[in-house]
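With my numbering applied, the sequence shown closes on residue 604, and no number is skipped along the way. Ideal Cβ placement from N, Cα and C applies to all residues, glycine included.
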Amino acid sequence: MLYYSTNRKSEPVSLREAVTRGLAPDNGLYMPETIGRFEPAFFRELPALPFREIAMRVAEKLFGEDIPPGTLQEIVYDTLGFDCPLVKVSDRIWALELFHGPTMAFKDVGARFMARMLRHFHDKEGAPLHVLVATSGDTGSAVANGFLGVEGIHVTVLYPSGKVSEIQEKQFSTLGRNISALEVEGTFDDCQQLVKEAFLDPELTRRMRLTSANSINVARFLPQSFYYFNAWARWLEETRTPGTAPVIAVPSGNFGNLTAGMVAREMGLPVARFIAANNENDIVYQYLKTGQYHPRPSVETLANAMDVGAPSNFARILDLYGHSHRRIREVTGGFRLTDDGIREVIRNVHVQTGYLCDPHGACGYAALLAHLGEHEEGIFLETAHPSKFMETMEEITGAGTVPLPERLAAFLGKEKRSVPMSSRYADFREWLLARANA
Ligand SMILES: *Cc1c(COP(=O)(O)O)cnc(C)c1O
167 MLYYSTNRKS
177 EPVSLREAVT
187 RGLAPDNGLY
197 MPETIGRFEP
207 AFFRELPALP
217 FREIAMRVAE
227 KLFGEDIPPG
237 TLQEIVYDTL
247 GFDCPLVKVS
257 DRIWALELFH
267 GPTMAFKDVG
277 ARFMARMLRH
287 FHDKEGAPLH
297 VLVATSGDTG
307 SAVANGFLGV
317 EGIHVTVLYP
327 SGKVSEIQEK
337 QFSTLGRNIS
347 ALEVEGTFDD
357 CQQLVKEAFL
367 DPELTRRMRL
377 TSANSINVAR
387 FLPQSFYYFN
397 AWARWLEETR
407 TPGTAPVIAV
417 PSGNFGNLTA
427 GMVAREMGLP
437 VARFIAANNE
447 NDIVYQYLKT
457 GQYHPRPSVE
467 TLANAMDVGA
477 PSNFARILDL
487 YGHSHRRIRE
497 VTGGFRLTDD
507 GIREVIRNVH
517 VQTGYLCDPH
527 GACGYAALLA
537 HLGEHEEGIF
547 LETAHPSKFM
557 ETMEEITGAG
567 TVPLPERLAA
577 FLGKEKRSVP
587 MSSRYADFRE
597 WLLARANA
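Okay, here's the thing in structure tokens:
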């Protein structure tokens with residue numbers, strides 16, 4: 167299968183090239199040339215299959231031409247060493263819990279899959295591959311844990327000193343092995359600038375193989391479609407009303423998660439429609455309302471992983487629906503929730519149902535509540551475990567209401583091993599080159 171750039175100025179490339187490049191040379195995002203549709207028989211069979219088997223069928227449709235079945239199965243099964251269960255919250259609303267992976271956020275799925283696909287495509291005899299990732303918190307931990315122990319690949323996480331939470335920092339700075347954490351004296355933007363300069367440095371890129379693991383990579387974006395199929399299968403098992411389709415609400419920032427759902431729908435998955443849930447960074451909400459797309463600087467909210475002012479995957483949504491505002495609106499509704507709204511939803515859902523939404527999931531829940539028709543049922547994506555936002559949560563639901571899972575507690579007990587780094591490019595470069603020669 168070939169992958170074309172949404173800007174259509176670069177040549178289409180193989181999966182291998184799309185995955186190792188990330189962004190197309192014309193700055194567009196790669197999309198598969200065809201999105202295969204499943205036969206109706208597949209959907210009759212689906213409820214009887216376990217998650218990993220469902221994921222494998224979807225993976226074969228997407229990547230089957232490019233990766234041998236045995237290898238693909240290894241990648242899929244190894245990625246999904248945890249479940250994405252569907253949990254009933256109220257009469258007509260379910261949560262799809264995507265936080266049962268190593269860092270307890272949905273990015274684990276994409277990051278783990280990408281690490282394994284990159285290992286498959288990476289020339290084992292050749293020089294090691296260096297993955298650079300700048301993070302304001304969650305991406306660094308998902309990528310670092312996703313690549314942990316993957317042979318031939320070294321990950322360097324750059325993060326702003328003092329500007330990520332203790333639990334976030336521990337999740338990528340305690341790992342060791344093939345993961346290095348650089349604690350940068352500066353802001354997130356400084357970290358991102360260092361990474362950008364490295365990619366643009368001809369001598370450096372000649373001496374070492376560099377790549378990025380950000381969310382625009384097809385190997386991170388496409389596997390997110392797996393759990394939409396599983397959600398539908400588990401939902402059908404419970405409701406037993408064939409022929410119907412749920413509404414699915416997706417808490418969104420860069421819109422990779424929602425776009426993967428749209429790809430699943432194009433593959434034939436019965437989804438009545440999506441609701442794109444924004445926080446106060448409501449650029450896509452405004453677009454859906456007015457047809458005008460105006461990126462703007464992001465503002466800080468309680469659902470901080472959704473604080474994005476120029477959603478990178480929006481280009482893929484436009485491309486998928488031929489830039490038609492009408493078609494996009496047929497497939498997805500919009501919603502926005504303020505911080506006060508987030509607090510209210512978390513409190514009300516907790517009191518009324520006993521379920522704990524995290525600040526991101528709360529946007530999804532509220533979006534469903536606002537949009538669900540009288541006879542419709544809905545699923546919202548729970549993108550992170552509430553304990554990742556302990557302070558916010560306890561302020562809202564009271565001390566002692568949010569359990570700290572074993573997995574996160576274990577990170578807290580480990581020793582941080584970050585390397586202090588200035589925000590000067592020369593220092594970062596010197597550190598990288600020392601590794602290239604090591
Ligand atoms: C990254 C993230 C999101 C936003 O996902 P996109 O694919 O960027 O839209 C939502 N919730 C959490 C917890 C996240 O980490």
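Here the alpha carbon of valine 321 sits roughly 36 Å from the alpha carbon of arginine 203. Under the three-pair Cβ rule at 8 Å, the segment 272–289 counts as touching the segment 374–393. Taking the CA atoms as reference points, glycine 315 sits about 48 Å from histidine 541. Glutamate 466 and isoleucine 241 have their C-alpha atoms some 36 Å from each other. Distance from the C-beta of methionine 556 to the nearest heavy atom of ligand 1 is not below 6 Å. With contacts defined by Cβ atoms closer than 7 Å, leucine 252 and tryptophan 401 form a contacting pair. No Cβ-Cβ contact shorter than 7 Å links asparagine 344 with glycine 422. In this structure, the beta-carbon distance from phenylalanine 546 to leucine 534 falls below 7 Å.
Relative to the Cα of methionine 374, the nearest Cα in the group Arg285, Cys523, Glu363 and Leu295 belongs to Leu295. In this structure, the beta-carbon distance from phenylalanine 338 to alanine 310 falls below 7 Å. A residue is called buried when at least 16 other Cβ atoms come within 10 angstroms of its Cβ; glycine 427 meets this threshold and is buried.
By the Cβ-count criterion, valine 585 is exposed, with fewer than 16 other Cβ atoms from all chains shown falling within 10 Å of its own Cβ.
Excluding five sequence positions before and after tyrosine 591, the CB atoms of its chain that fall closer than 7 Å to its own CB belong to Leu360 and Glu363, given in chain order.
If you check the C-beta of threonine 549 against ligand 1, you find a heavy atom less than 6 Å away.
Note that the segment 255–271 touches the segment 515–535; at least 3 beta-carbon pairs, one per stretch, sit closer than 8 Å. Secondary structure remark: continuous alpha helix (DSSP H) runs of at least 4 residues inside the segment 302–390, in chain order: 304–313, 332–339, 354–365, 368–373 and 384–387.
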